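With the numbering used here applied, the sequence shown corresponds to residues 117 to 229, in that order.
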Amino acid sequence: MGLGYAFVNLHDSEQVQLLIQKFDGKRHWSRASSAKVCQATLSHMQGLEANINRFRNSPIMSDEVEECFKPLFFVGAKQVPFPEPTKEVPPVLHRPSAPKCWEGSVQRAPPAA
Numbered sequence: 117m118g119l120g121y122a123f124v125n126l127h128d129s130e131q132v133q134l135l136i137q138k139f140d141g142k143r144h145w146s147r148a149s150s151a152k153v154c155q156a157t158l159s160h161m162q163g164l165e166a167n168i169n170r171f172r173n174s175p176i177m178s179d180e181v182e183e184c185f186k187p188l189f190f191v192g193a194k195q196v197p198f199p200e201p202t203k204e205v206p207p208v209l210h211r212p213s214a215p216k217c218w219e220g221s222v223q224r225a226p227p228a229a
């Protein structure tokens, strides 16, 4: 099922606190039989542009990585293409038992034309 990370860029500090209250400690997931417990905290990296830059040139964007593990980018409720890398993507460091996508994985939006 992957690592289960999500980065949410909110503009309102009240909404940030509501999101943390709602998700921190959540452990019952309707779409997965996972024992994982959500930890919702502020990231050391703040801002949409900083997070895009963190991932757009990372090994996660490599062709070797299955699409279901790559970042998704939403504007409101609409998924939009994640910005393309601006330089050569470094190689993937393989794990002995890399996870696989599961049936029903969210699909990425096609690249911008």
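Note that the Cβ used here is the ideal one computed from N, Cα and C, for glycine as well. Just so we're clear, the structure is a prediction, and the values are computed from it rather than from any experiment.
Give a yes or no on whether the C-beta atoms belonging to R172 and E130 are separated by under 8 Å. The answer is no: Cβ separation not under 8 Å.
Check your understanding: Hey, how far is the Cα of F126 from the Cα of I168?
Key -> Residue identity differs from the one stated: residue 126 is Leu in this sequence, not Phe. A straight line joining the alpha-carbon of L126 with that of I168 spans about 14 Å.
*asked:* The alpha helix (DSSP H) that contains K194, what's its start and end?
replied: That residue, K194, is in no alpha helix (DSSP H); its beta strand (DSSP E) goes K194 to V196.
Within this structure, are the beta carbons of I176 and F185 separated by less than 8 Å? Taking 8 Å as the cut-off, the beta carbon of I176 is found closer than this to the beta carbon of F185.
request  = Kindly say whether S159, judged by its beta-carbon, lies nearer than 8 Å to any beta-carbon of chain D.
outcome  = No chain D appears in the structure shown, which is made up of a single protein chain.
Query raised in the report: Under a three-way DSSP split, which group does F123 fall into?
Result: Coil.
Open item on the list: DSSP has V191 in a bridge; who is on the other side?
Closed with: Answer by DSSP bridge pairing, in chain order: K194.
Taking 7 Å as the limit between beta carbons, can you name the residues of its chain near D140, skipping five residues before and five after?
If we look at D140 and ignore the five residues flanking it on each side, its Cβ neighbours are C154, Q155 and A156.
On the DSSP letters alone, give me the boundaries of the alpha helix (DSSP H) that A166 sits inside. Counting along the chain, the unbroken alpha helix (DSSP H) around A166 starts and ends at L164 to R172.
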